[in-house]
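Heads up: the sequence shown begins at 193 in our numbering, then just goes up one per residue.
We treat Cβ as the ideally placed atom computed from N, Cα and C, and that holds for glycine.
Step one of this worksheet: look at the structure below.
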Amino acid sequence: MLKDFRIRLLLVFVALIGLMISAAAPRTAREAAPTSLAEQNWVDSVFNSLTPDQRLGQLFMVAAYSNKDRRHVQGIDALVKNYNVGGLMFLQGGPRRQAILTNRYQAEAKVPLLIALDAEWGLDMRLDSTMHFAKEMTLGAMDDDRYVYQMGREIALMLKTLGVQVSFSPVIDVNSNPLNPVIGNRSFGEDKDRVARAGLAYISGLQDHGVMAVAKHFPGHGDTDTDSHVALPVINTDMARLTNVDLYPFQKAFERGVMGVMVGHLYMPLFDTVRTLSATLSPNLVTGLLKQKMNYKGLVFTDALNMKGVTSYYKPGEVDAMALVAGNDVLLFSEDVPVALQKIKEAVAAGRIQQEDIDQRVRKILRAKFWAGLNRYQPVNVPDLMQNLDRPAARTVQQQIYEHATTVAKNQDDLLPLQRLDTLRIATITIGTKPGSVFGETMNKYQPGPVYAISNRYAPDSTFERILTRLTPYNTVVVSLHNMNNTPAHNYGLGDGTLTFLKRLQANPRLKVVVVAMGNAYSLKFLEDARTLVCGYEDNYASQLVVPQVLFGALPAKGQLPVTVSPTLKAGVGLPTPDLRRLRYATPESEGLDSKVMAQIDNIALETVAYAAAPGCQVLVAKNGAVVFDKSYGYYTYDKEHPVNNSTLYDLASVTKVAGTLQAVMYLKDQGKLDLDAKLSTYLPELRNSNKRDMLVRDVLLHQAGLKPGIATWEKTVTSAGPKPAYYATTSTAQYPNEVTPELYSVKTAADSVWAWTINSSLLPKVKGKYPVEYSDLSFIIMKHLCERILKQPIENFLDATFYKPLGLGSMTYNPLNRFPKSCIAPTENDNYYRHSLLQGNVHDQSAALVGGIAGHAGLFSNANDLAILMQMDLQNGNYGGARYFRTPVVTDFVRTSGVAGNRRALGWDKGTPEKESGPTSNLSPASTFGHTGFTGTCVWLDPENKIVYIFLSNRVYPDASNRKLVQYNIRTRIHDVIYKALQKT
């Protein structure tokens, strides 16, 4: 008796507190009164057309599946036709199947059905083949709630496309218990203000775009260690905490006008004495606290009535009637509608609930249907459904969420972002993924180190031991943890072997170790010994793409932990890192390009292969420092046995001029070691007695110095019978060290011979006292010699040490067979006139081949990504990755046109001819565009005005260099056109 008296006294206190809450609470958006005459007329008309039993049917929202058999479908048919249920909650299945069933059920319904979906983190919470955005803990880590709103908007638009009017989201429980097995990362975090702000943004995103938000799980499910799906959690709290913490986000949501709220299956001794009485069934909570004291007027949904939190104590049908008596408006997931209807009628007859009260709830449901547009119901457009669900803007929002959420929790040695890549020998270990993960591939976009994939999270010690033995050459190790789970009892999926392995790595004083958790933030408590610790929160394509970008400084770290993990890793911890202006990887829409227009590149690239303009190609587009298109097409050869991928190396041909020699020239000018208006002979004294003694460096770079396009070189070294023995041998020796092909080596003096032939070559005749503009390979043969003379080292060594290694360019190299197997390199010509072999990994250009593959005008190999990094550095005038490769705006100086009539070129760089009908660049590109093309079927074009980098790599010379279809079909320029059309559309 004394205990009951105390409880009743406490309830009186609760009521007084509630009165104070309700006195201050404004009316919510969904008042009992209609918002318009049209709404009132529709609601009255529908209500009056229904029988009493049909009205009761509107209270039920039953579970529907699109992946079950005909029997299930027929069961839903019967509920819709015979019992006039008010709505359906779709669970498992697929979008197209669900849309077909939605149209079927809606066609059978007397009153349009309210269709609902659990879409907390996107449609993929319930449906296959749909987009995953982010769980709420990830959202809680972000520094900007605009992206929460945008996610809500995108989910709403997808739901409407699918014919869904209600989203059971957001979860606005304050997750104060780290051991919570059911909320956890479904919550925005442990701070009530953070939860409220993010929750309001999510609600607005949904409801501003026509989908009803349902906040859950009232009155707060965050402080429990029991899963209500399997048992009834007990929340032991006092009124002060409940009001100040758990109810706070709900009160804010009610004030904002959230249209629905879901009552959780949990027991609060503060309100009820019956231990088996879930909040869902509690009149004190649903009617007393929620409806009366907090003055909530929107739709009140039960949590699913099939959950063990209620079914363990009450029978189907009985629990429905109890929930209705408690004050709920919508009975979710009823397991037995016919029995429930009978129990509700019995409750009315017994006076436990008034018919008038039921009628008001039915009208409230009908008003929600009017708001959702069901008075003008239209079937789902099934034929166009998947295309309409594929929203490019949604992919942009998805990635931006992880860009703002990724959190650097520890950075004790200031290792992040990773810089000075020439000093870091990085190995990546991905635990819980198969080889070829997005994480590993993205790591390799920035540096060439190995990626060791351990697919089994619980791998035996021998697996980790084997990896340890391979780490000797490396001084930096990045370990990413994947395929984690959200179960505290199972250490979030972190195996003992993994944790021991991490400790061994961290104990090695020679290694710098970065630990990345691609999962639940609470897992960091098992990882906090790491000196460098990053949380990616989730493990999907977007997060795996973003986190490596943060590690390398392509993106700054902005996130903060939304929960307290340990005494040293508290909520709010998040170390900002700088943006190093490295090349990023993003969606076209994020940079102002229309991805649907960009998709036209696919058609042109496939045309390249289909019309045999080239057997394969790579296309890359970057905008504003972000790669927004990077695809490979076709095969190495027309046999279609070896597909091209983004790692395939191509012979760059004359793109070598700007990616190799010109980088050294610009460097020397930037350092004040080269005067462009000086004579070549100033730096190359051997020219003083030649016809080139008065040539200016500037004129050579502008291709207006009188040099011929080319001269005979290799032709002098062969006869009709084959290679001259004075120049070639079939094996490599000290006398014949230069590999022309694996079966042919040139004499070590070959470079001297080519240089002598160049010095002694004749010049073009002058026209009106001036040399004509004539593009010449000799210009860059000369400039290579000039650079090496000033630098006092081979140009390949200089470029590798000064540019390629610091930039992390793992594929850009001369003579790639010294570092890569043939299988990584696209073949070029099947040479039947000089080398008499298929060229694969040996330079195609004959003069470059003669001198050993390293020439000023040709010789470089690369994939598109590494070439893009180098070009982005140039576009940024040498400011890249936290380093200054040029001290002055030398690139800007070099890309200015000569101003000489008839010469479109700049200093070493080629330019477009927008005033002409056809040219090397798109006529839609600005006149400031600069770059170069290559004989093998390559090009690179940079647009400083729109900050665009465009790269096309192919082996159009396979198997025959006479193949002109790439030019005939204008492939490269047409792709360039598409980029500007995509830009113009935005």
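Note on Gln985: under 16 other CB atoms within 10 angstroms of its CB, so exposed under the neighbour-count rule. No Cβ-Cβ contact shorter than 9 Å links Ser846 with Ala818. With distances taken between CA atoms, Thr479 lies nearest to Asp521 out of Val1087, Asp521, Asp731, Lys916. Using a Cβ-Cβ distance cut-off of 8 Å, the region 809–828 and the region 747–755 are not in contact, since fewer than three pairs of beta carbons, one from each stretch, lie closer than that value.
Glu907 counts as exposed, since fewer than 16 other beta carbons sit within 10 angstroms of its beta carbon.
Ranked by how close their Cα comes to the Cα of Ala597, the residues Asp337, Met350, Tyr733 have Asp337 in first place. At the C-beta level, Ala541 and Ser474 stay beyond 9 Å of one another. Here Val811 is near Phe1144, since their CB atoms are less than 9 Å apart.
Contact between the region 1040–1049 and the region 904–920 is present, with at least three C-beta pairs closer than 8 Å. For Met454, the uninterrupted beta strand (DSSP E) segment begins and ends at 452–455.
Of all C-beta pairs linking the region 825–844 to the region 791–807, three or more are shorter than 8 Å, placing the two stretches in contact. From the listed residues Tyr1026, Leu660, Arg1011, the smallest Cα separation to Gly1033 is found for Arg1011. The beta-carbon distance between Met460 and Thr494, rounded to whole angstroms, is 16 Å. This is too long to meet the 8 Å contact definition. For Thr848, the CB contacts under 6 Å within the same chain, skipping 5 residues up- and downstream, are Ala1050, Gly1051, Leu1052 in chain order. In this structure, the CA atom of Val889 is about 19 Å from the CA atom of Gly961. Between Tyr666 and Leu703, the C-beta gap is smaller than 9 Å, which places the two residues in contact. In this chain, the alpha helix (DSSP H) harbouring Ser735 covers 733–743. Contact between Gly711 and Leu673 holds, since their C-beta atoms are separated by about 7 Å, short of 8 Å. Apart from the 5 residues on each side of it in sequence, Leu315 sits with its Cβ closer than 8 Å to the Cβ of Pro287, Leu309, Thr322, Met323, Ile347, Met350, Leu351, Leu354, Leu581 in its chain, given in chain order. The C-alpha of Ala709 lies about 5 Å from the C-alpha of Cys727.
Residue environment: Lys976 is assigned as buried (16 or more neighbouring CB atoms within 10 Å of its CB, all protein chains considered).
Residue burial is scored here from C-beta neighbours: Asp464 has at least 16 other C-beta atoms within 10 angstroms and is therefore classed as buried. In the three-state reduction of the DSSP assignment, Asp969 falls in the helix class, which pools H, G and I.
The way I'd put it, the region 1158–1167 does touch the region 785–800; three or more beta-carbon pairs between them come closer than 8 Å. The region 377–423 contains, as complete beta strand (DSSP E) runs of 3+ residues, the segments 404–410 (chain order). Beyond the five residues adjoining it in sequence on each side, Gly402 comes within less than 6 Å, by CB distance, of Lys352 in the same chain, given in chain order.
Across the structure, Phe1086 and Thr994 are spaced so that their CA atoms are roughly 19 Å apart.
The DSSP assignment places 252–256, 279–282 as complete runs of the beta strand (DSSP E) inside the region 251–297, in order along the chain (cut-off: 3 residues). For Thr690, the enclosing alpha helix (DSSP H) begins and ends at 688–699. For Gln399, the closest alpha carbon among the candidates Ile364, Tyr341, Thr416 is that of Tyr341. Pairing Leu694 with Ala722 gives a Cβ-Cβ distance under 9 Å.
Taking C-beta atoms as the reference points, Lys537 and Leu242 fail to come closer than 9 Å. Secondary-structure assignment with DSSP links Cys809 through a beta bridge to Tyr825, Ser1146. Between His457 and Met499 the beta-carbon gap is near 5 Å, inside 8 Å, which marks them as a contact. CA-to-CA, the gap between Asn677 and Tyr684 works out to about 5 Å. Taken in chain order, the complete beta strand (DSSP E) segments of 3 or more residues contained in the region 920–982 are 930–933, 936–938.
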